Amino acid sequence: MCGGVSKDGTCSTKDDHVDPDSHKFMSDCNDQTYCTTATNGTCQTRQCRRDEFPFGYGPGDAVPPLCPRGSFCPDEGSGCQPLRSVGQSCQLSRDDQCAPPPNWQQLASSQNANGSLCLHSTCVFANAGLGQRCVIDDITYIDTGPDGQQHSNVVSRHNCQTPRFYCDPTYLQCFKAKAIASTCEIDQECTSVRNGPSLNCGGGVCSDPPGTPLQVAPWQYSVTVSCVITVMIAIVALLTLVHRRLRMKHYREVREYYDEQLSFRHTLAALHAVAAENTHQESIVRL
28 MCGGVSKDGT
38 CSTKDDHVDP
48 DSHKFMSDCN
58 DQTYCTTATN
68 GTCQTRQCRR
78 DEFPFGYGPG
88 DAVPPLCPRG
98 SFCPDEGSGC
108 QPLRSVGQSC
118 QLSRDDQCAP
128 PPNWQQLASS
138 QNANGSLCLH
148 STCVFANAGL
158 GQRCVIDDIT
168 YIDTGPDGQQ
178 HSNVVSRHNC
188 QTPRFYCDPT
198 YLQCFKAKAI
208 ASTCEIDQEC
218 TSVRNGPSLN
228 CGGGVCSDPP
238 GTPLQVAPWQ
248 YSVTVSCVIT
258 VMIAIVALLT
268 LVHRRLRMKH
278 YREVREYYDE
288 QLSFRHTLAA
298 LHAVAAENTH
308 QESIVRL
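Our numbering applies: residue 28 is where the sequence shown begins, and numbers increase by one.
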């Protein structure tokens with residue numbers, strides 16, 4: 028975090044520094060101000076911002092403007108400055124402070140700013156080709172978890188043409204980037220023709236980074252649709268068979284019921300006939 032000195036408070040630019048763990052810019056002034064000079068300086072309102080939604084501002088606070096094209100806002104927010112040329116100094120990982128090369132369209136990628144890089148606080152172009160010497164800038168970020176345990180993350184950046192090449196840390200030369208499923212040792216070796224840079228060497232094999240959308244092959248769609256149709260047909264056939272068996276069972280139960288009723292009726296009719304015959308014979312005997 029920045030210091031707690033508010034506007035018009037006393038400060039010194041000698042205290043400006045980068046946090047050794049998070050590499051965040053630190054100063055005596057708060058997030059909305061910057062320090063003017065090294066001796067008898069005061070905190071004044073920031074003159075520019077680098078982010079669309081800067082840190083330290085509330086919903087109703089007035090935010091400083093973004094810098095126009097061809098300039099940049101330094102970390103301290105002291106005002107827009109012209110882009111730096113190759114070899115000039117730049118702030119940590121601020122690729123946007125460096126002027127782009129003439130052929131920036133061919134060199135631009137997600138790993139640089141319009142073909143420019145800030146490596147070891149110096150502006151360079153990301154134009155090193157296959158077999159050429161390259162520069163690597165390793166930055167270690169340390170984060171402290173809720174349990175107090177520290178976790179480190181090393182970000183390695185280089186000036187090879189990405190994503191086609193990577194800078195080998197042993198030979199400091201640009202090598203051709205490796206495709207998905209190739210063996211690897213570090214993340215920067217990996218690339219993917221389909222999805223751009225992979226930068227994910229997991230288990231010694233280049234693989235798509237986490238969160239990459241799954242690409243479903245046409246044959247997989249066909250197999251899935253066929254399985255769904257087959258299951259639907261099987262379900263309909265099974266339901267039809269079950270319904271037919273239930274209907275036949277009900278039919279047999281109804282038929283047995285009516286058979287019993289007819290048998291009972293025939294038995295009653297026979298008893299009635301026998302009784303009538305006995306009555307008739309008794310009448311004849313009396314006569």
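Here a beta-carbon is modelled for each residue, glycine too, at the ideal position from N, C-alpha and C.
Here the structure is a predicted model, which is why all the values come from computation and not from measurement.
Query                                                                                                                                                : Result
Taking F192 and K205 to be in contact with their CB atoms under 8 Å, please state how far apart those CB atoms are, rounded to whole angstroms.      : Not quite, the Cβ-Cβ distance comes to about 11 Å (not below 8 Å), so this is no contact.
Could you tell me if N186 is buried or exposed, where buried requires 16 or more neighbouring beta carbons within 10 angstroms of its beta carbon?   : buried
Under 8 Å, do D122 and A135 count as touching if we go by C-beta distance?                                                                           : no
Could you give the uninterrupted runs of the beta strand (DSSP E) lying entirely in the stretch 68 to 134, keeping only those of 3 residues or more? : 68 to 72
Assuming G12 contacts C38 (C-beta within less than 8 Å), just tell me the rounded distance between them.                                             : Not covered by the structure: residue 12. The range shown for the chain is 28 to 314.
Cα-Cα, which of Q132, D102, D174 and L110 is closest to Q59?                                                                                         : D102
Less than 7 Å separating the Cβ of P127 from some heavy atom of the ligand COA?                                                                      : In terms of ligand content, the structure shown is empty, and the ligand COA therefore cannot be addressed.
Does the stretch 103 to 121 come close enough to the stretch 68 to 80 to have 3 or more Cβ pairs within less than 8 Å?                               : yes
When the Cα of G142 is compared with those of D88, W131, D42 and A303, which residue comes out closest?                                              : W131
Across which residues does DSSP place C180 in a beta bridge pair?                                                                                    : Note that residue 180 corresponds to Asn in the displayed sequence, not to Cys. Per DSSP, Y168.
Determine, using beta carbons only, whether C233 and C217 come nearer to each other than 8 Å.                                                        : yes
So does the stretch 156 to 173 actually touch the stretch 46 to 66, counting three or more Cβ pairs closer than 8 Å?                                 : yes
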